[in-house]
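Student: First the structure, which I've put down as structure tokens, then a few questions once you've had a look.
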Amino acid sequence: MPNYYDLSAESSVCDSEDDAFSNESDDDGTASAEGLASDHRCILHVDVDCFYCQCEVQDRQIPKDKPFAIGQKHIIVTSNYAARAMGVKKLQSRTAAYEACPQLLIIEGSDLERYRIHARKIYQVFRAACKRVHPEIAVRRGSMDEMMADLSVAISIDGDDRVDYSNDNVYIYGANGRESIALTEDQTGVCSKIVQEFQVRSLGPSEWSCSERLQRASHIALQIRREILQSTGFTTTMGVSVNPLLAKIASGLKKPATVNVLFPWRSQSLLASMPLRMIPGVGRTTVKALQHCLEKNAVSSQPNFWTCQDLLSVPKQDIVSCLEQVPLFKHSCEVQADIILQKCIGVDHSQIQDDEGGAPKALSVENSFRRGTLVRKDVLCAELEELYRRLSRLLHERREWSHSSRLAYPTTIKLTLRTVDEKLASKKRRPFVTRSKQSSFDGLAFMQLRDSAQQVAFLKRAALPLLHAFELKSDVIDITRASIATTGFQDLSARPKDSPTYFTQPCQSNMSTFIEQTEHGKSRSPRDALNGASTKMSIHEQASMFHNNKIDPSILSQLPPDVISELRQVKPKKRQRIDDYFKRL
DNA sequence: CTGGGGTCCT
DNA sequence: AGGACCC
2 MPNYYDLSAE SSVCDSEDDA FSNESDDDGT ASAEGLASDH RCILHVDVDC FYCQCEVQDR
62 QIPKDKPFAI GQKHIIVTSN YAARAMGVKK LQSRTAAYEA CPQLLIIEGS DLERYRIHAR
122 KIYQVFRAAC KRVHPEIAVR RGSMDEMMAD LSVAISIDGD DRVDYSNDNV YIYGANGRES
182 IALTEDQTGV CSKIVQEFQV RSLGPSEWSC SERLQRASHI ALQIRREILQ STGFTTTMGV
242 SVNPLLAKIA SGLKKPATVN VLFPWRSQSL LASMPLRMIP GVGRTTVKAL QHCLEKNAVS
302 SQPNFWTCQD LLSVPKQDIV SCLEQVPLFK HSCEVQADII LQKCIGVDHS QIQDDEGGAP
362 KALSVENSFR RGTLVRKDVL CAELEELYRR LSRLLHERRE WSHSSRLAYP TTIKLTLRTV
422 DEKLASKKRR PFVTRSKQSS FDGLAFMQLR DSAQQVAFLK RAALPLLHAF ELKSDVIDIT
482 RASIATTGFQ DLSARPKDSP TYFTQPCQSN MSTFIEQTEH GKSRSPRDAL NGASTKMSIH
542 EQASMFHNNK IDPSILSQLP PDVISELRQV KPKKRQRIDD YFKRL
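In my numbering, the protein residues as written are 2 to 586.
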């Protein structure tokens, strides 16, 4: 008998579904419970538990229960749970960490190469597992330790409902009935724990079907979690809900090695007390900008601690005018205000776009220096040598991502330097200025070099002109960070499938202006404009496409593979000519 | 306000 | 080329 949470109590609830939920009100920005259940999706969010630490456990012999941390420069970036229990924090200075935990073992983790290899394996296992459940599940890599999938297409299919939860920790938030059962496993064996979840109201019909779908999704999540563990040895935490925002919040509810199912109607109270800053997409700058209208309207519990509820009590027009101060939101502050407010009530319409395998769009290596330590150009050049070596290895490792490894080469290289700005040093909190120079890069030639010394020399020949372009005054330069990035990978420039981001790059910029025009003309959201454009291309747009010598995607996708490859090979040459054109100006 | 990355949007 | 965001 399946042993998740007690559904028997809900049979009585179903009787009353005709009028039990009639208290819907959309008046003052509060979403109705039925409204929250109206997103018919099932989104899965995956977090690898303290990822760097699990990597180190696999790569070296570390005693069980030994508190350890990963160090970069003079800080530690993460630590295992034994160390956290002793009070070791993320992004803490090494000294502070030792104070909290004198026996702490710190492992140097500045070179991320091994972590990236583990991350790739995990993602590829995750992706394959999802596609095996249903080939049309959209899967996307977030970062090295985060992944998402849209399980919606797989929900209606029959699955084994008799899932054995006994080896997994499953937490269900907002279940109907007054309680849900959480099964946990510790050294003494399997035990079950009752998690109190108050559900005053009974469920309406769409809530009911929502809970059925999320349940099914949680079964799939469990399967996938086990597969990741079996194939890679990594434990993960999963969040299951109706949209990416809530799925991500869900995965953070109970950490490590769990599946967290968050029903949308439970999210309201959760979000209300949540710091605004914790909403994905709301960063430091945004909170700063909103601070004015928050102070004016909200009853602040603590200074500089704002919750989603606080923002919801602010008139929308105030929010809009605050967001005008953020340069990035300047021309879209109404839309942005809506997006943030919607997030505060748990609504998020963003889609998960399949990433076609997840090959990185950019590869970069960087090194940082303490203020005042890197003041000479020749020292900088010496430091760059190390970056060439690391970038070279990364570029070759990336081929393991690529579906067509012959095209797994970049076409652009960029050098970025962060310097201390003396003028800003006194007043601003971030006295740094970041500048970059880029140029085209013959990645194909680079990838064909066999000898690693030649590879380094090749990168150097590409990077030094960029360094020269900075025209650094030789005496007083104070570099605090240097990075080299490569982008424009050819295996990413054409998509095999139909999607809104299907167009090749020059065409994409056409899309941008198209979106802007529709936005100014009408109050359509960018997403609407994008969808409208992708479903049917106007005659005008098709003509423009032909004129610019681009290939209609729907035609391209029907060509034989070898022809497609040839067509793709042609592109770099065209780009090269464009580059030359701009160089002459 | 730290580190070594990444994404997307002007 | 640069900024804001994410981990």
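We put the beta carbon where it would ideally sit given N, CA and C, even for glycine. Predicted model, so just to flag it, every value in this text is computed and none were measured.
Could you tell me which residues DSSP puts in a beta bridge with Lys438?
Tutor: Sequence index remark: in the first sequence, residue 438 carries index 437 (1-based). Its beta-bridge partners are Leu416.
Student: Whole angstroms is fine: what's the gap from Ser268's alpha carbon to Leu277's?
Tutor: In the first sequence, residue 268 corresponds to position 267, counting from 1. In the first sequence, residue 277 corresponds to position 276, counting from 1. In a straight line, the C-alpha of Ser268 is about 14 Å away from that of Leu277.
Student: Should the stretch 359 to 366 be regarded as contacting the stretch 479 to 486, the criterion being three or more beta carbon pairs within less than 8 Å?
Tutor: Because the criterion of three Cβ pairs below 8 Å is met, the stretch 359 to 366 and the stretch 479 to 486 touch.
Student: Name the one or two DSSP bridge partners that Asn261 has.
Tutor: Taking the first sequence and counting its residues from 1, the one referred to as residue 261 is at position 260. DSSP, once it has assigned bridges, lists Tyr172, Gly240 as partnering Asn261.
Student: Measuring CB atoms only, is the stretch 346 to 358 touching the stretch 285 to 295, in the sense that at least three cross pairs come out at less than 8 Å?
Tutor: Contact fails: fewer than three Cβ-Cβ distances are below 8 Å.
Student: Helix, strand or coil: which one does DSSP assign to His46?
Tutor: Residue 46 sits at position 45 when you count from the first residue of the first sequence. Reduced to three states, the DSSP call for His46 is strand.
Student: Of all the options Trp266, Ile229, Leu381, Met239, which has the alpha carbon lying nearest to the alpha carbon of Val477?
Tutor: Your numbering for residue 477 matches position 476 in the first sequence. Looking at the Cα atoms, Leu381 is the closest of the given residues.
Student: In whole angstroms, give me the CA-to-CA distance for Cys660 and Ala120.
Tutor: Within the shown structure, residues of the chain are numbered from 2 to 586, placing residue 660 beyond reach of any answer.
Student: Which residue comes first and which comes last in the beta strand (DSSP E) that contains Ala70?
Tutor: The residue you call residue 70 lines up with position 69 of the first sequence. Unbroken beta strand (DSSP E) run through Ala70: 69 to 73.
Student: How would you write the range of the beta strand (DSSP E) that Thr481 sits in, first residue to last?
Tutor: Sequence index remark: in the first sequence, residue 481 carries index 480 (1-based). Its beta strand (DSSP E) spans residues 480 to 488.
Student: Return the chain-ordered list of same chain residues with a C-beta closer than 6 Å to the C-beta of Asp422, the five sequence neighbours on each side being excluded.
Tutor: Here residue 422 is taken as the residue at index 421 of the first sequence, counted from 1. Only Pro432, Val434 meet the Cβ criterion.
Student: Rounded to the nearest angstrom, what separates Pro411 and Ile71 at their Cα positions?
Tutor: The sequence position of residue 411 within the first sequence is 410, counting from 1. The sequence position of residue 71 within the first sequence is 70, counting from 1. Their Cα atoms are separated by approximately 31 Å.
Student: Since Met448 is in the beta strand (DSSP E), which residue starts that stretch and which ends it?
Tutor: What you label residue 448 is simply residue 447 of the first sequence in a count that begins at 1. Counting along the chain, Met448 falls outside any beta strand (DSSP E), though it belongs to the alpha helix (DSSP H) covering 444 to 449.
Student: Who are the near neighbours of Arg372 in its chain, counting only those whose CB is closer than 8 Å to its CB and skipping five residues on each side?
Tutor: Counting from one through the first sequence, the residue named residue 372 turns up at place 371. Counting only Cβ-Cβ distances below 8 Å, and skipping sequence neighbours, we find Val421, Asp479, Thr481.
Student: Which runs of the alpha helix (DSSP H) fall wholly inside the stretch 358 to 413 and span at least 4 residues, in chain order?
Tutor: Runs found: 378 to 398.
Student: Rounded to whole angstroms, what's the CA-CA distance from Thr417 to Arg391? Just pull it up for me.
Tutor: As a first step, residue 417 is located in the first sequence; it is residue number 416 there, counting from the start. As a first step, residue 391 is located in the first sequence; it is residue number 390 there, counting from the start. Looking at the two C-alpha atoms, the distance is approximately 16 Å.
Student: Buried or exposed for Ala470, please, with buried defined as at least 16 other CB atoms from any protein chain shown within 10 angstroms of its CB.
Tutor: Counting from 1 along the first sequence, the entry for residue 470 is found at position 469. Exposed, since its Cβ has fewer than 16 Cβ neighbours within 10 Å.
Student: For Val321, which residues in the same chain have their Cβ closer than 6 Å to its Cβ, ignoring the five residues on either side in sequence?
Tutor: The count along the first sequence starts at 1 and reaches residue 321 at position 320. If we look at Val321 and ignore the five residues flanking it on each side, its Cβ neighbours are Cys334, Glu335, Ala338.
Student: Tell me where the beta strand (DSSP E) around Glu109 begins and ends.
Tutor: Counting from one through the first sequence, the residue named residue 109 turns up at place 108. Run containing Glu109: 106 to 109, per the beta strand (DSSP E) assignment.
Student: On the three-state DSSP scale, how would you describe Ser94?
Tutor: As a first step, residue 94 is located in the first sequence; it is residue number 93 there, counting from the start. Three-state DSSP puts Ser94 in a strand.
Student: For Glu472, does the count of other Cβ atoms within 10 angstroms reach 16, so buried, or fall short, so exposed?
Tutor: Sequence index remark: in the first sequence, residue 472 carries index 471 (1-based). With fewer than 16 other Cβ atoms within 10 Å, it is exposed.
Student: Sort Leu468, Arg451, Val327 by Cα distance to Ala383 and report the nearest one.
Tutor: What you label residue 383 is simply residue 382 of the first sequence in a count that begins at 1. The candidate whose alpha carbon is nearest that of Ala383 is Leu468.
Student: Indicate whether Ile156 and Arg61 have their beta-carbon atoms separated by less than 8 Å.
Tutor: The residue you call residue 156 lines up with position 155 of the first sequence. The residue you call residue 61 lines up with position 60 of the first sequence. No. Outside cutoff.
Student: Whose C-alpha, out of Arg407, Leu295, Lys474, is nearest the C-alpha of Lys378?
Tutor: Here residue 378 corresponds to residue number 377 of the first sequence, with the count starting at 1. Measuring from the Cα of Lys378, the nearest candidate turns out to be Lys474.
Student: Contact defined as beta carbons within less than 8 Å: I believe Leu295 pairs with Lys317. What is the distance between those atoms, to the nearest angstrom?
Tutor: Along the first sequence, read from residue 1 onward, the residue named residue 295 stands at position 294. Along the first sequence, read from residue 1 onward, the residue named residue 317 stands at position 316. With a Cβ gap of about 13 Å, Leu295 and Lys317 do not count as contacting.
Student: Going straight from the alpha carbon of Phe235 to that of Tyr53, what length do you get?
Tutor: Numbered from its first residue, the first sequence carries residue 235 at position 234. Numbered from its first residue, the first sequence carries residue 53 at position 52. Roughly 11 Å separates the two Cα atoms.
Student: To the nearest angstrom, how far is it from the Cα of Val154 to the Cα of Asn298?
Tutor: Mapped onto the first sequence, residue 154 falls at position 153. Mapped onto the first sequence, residue 298 falls at position 297. Those two C-alpha atoms are separated by around 43 Å.
Student: What separation, rounded to the nearest whole angstrom, lies between the Cα atoms of Val260 and Val457?
Tutor: Residue 260 sits at position 259 when you count from the first residue of the first sequence. Residue 457 sits at position 456 when you count from the first residue of the first sequence. If you take the alpha carbons of Val260 and Val457, they lie about 45 Å apart.
Student: Quick one: using the 10 Å Cβ neighbour count with 16 as the cut-off for buried, is Lys537 buried or exposed?
Tutor: Position 536 of the first sequence holds residue 537. Model confidence at Lys537 stands at a pLDDT of 33, short of 50, so the residue's coordinates are unreliable and nothing is read from them.
Student: Which word fits Asn81, buried or exposed, when buried means at least 16 other C-beta atoms lie within 10 angstroms of its C-beta?
Tutor: Position 80 of the first sequence holds residue 81. When all chains shown are included, Asn81 counts as buried.
Student: Report all residues from its chain with a CB closer than 7 Å to the CB of Ala273; omit the five preceding and five following residues, and keep chain order.
Tutor: As a working mapping, residue 273 is identified with position 272 in the first sequence. Only Thr308, Cys309, Gln310 meet the Cβ criterion.
Student: Which two residues bound the contiguous alpha helix (DSSP H) that contains Arg133?
Tutor: Position 132 of the first sequence, counted from the start, is the residue given in the question as residue 133. Start and end: 114 to 134.
Student: Within 10 Å of its beta-carbon, does Ile444 have 16 or more other beta-carbons around it, so buried, or fewer, so exposed?
Tutor: Numbered from its first residue, the first sequence carries residue 444 at position 443. The sequence shown places Gly at residue 444, not Ile. Gly444 comes out buried.
Student: Does the beta-carbon distance from Tyr174 to Leu263 come in below 8 Å?
Tutor: The residue given as residue 174 occupies position 173 in the first sequence. The residue given as residue 263 occupies position 262 in the first sequence. Yes, they are a contact pair.
Student: Any idea what DSSP makes of Ile341, helix, strand or coil?
Tutor: Taking the first sequence and counting its residues from 1, one reaches residue 341 at position 340. Ile341 falls in the helix class under three-state DSSP.
Student: Is Asn549 buried or exposed, if buried means 16 or more other CB atoms sit within 10 Å of its CB?
Tutor: Within the first sequence, numbered from 1, the residue matching residue 549 stands at position 548. Per-residue confidence for Asn549 stands at a pLDDT of 30, beneath the threshold of 50, marking its modelled position as unreliable; no derived number is given.
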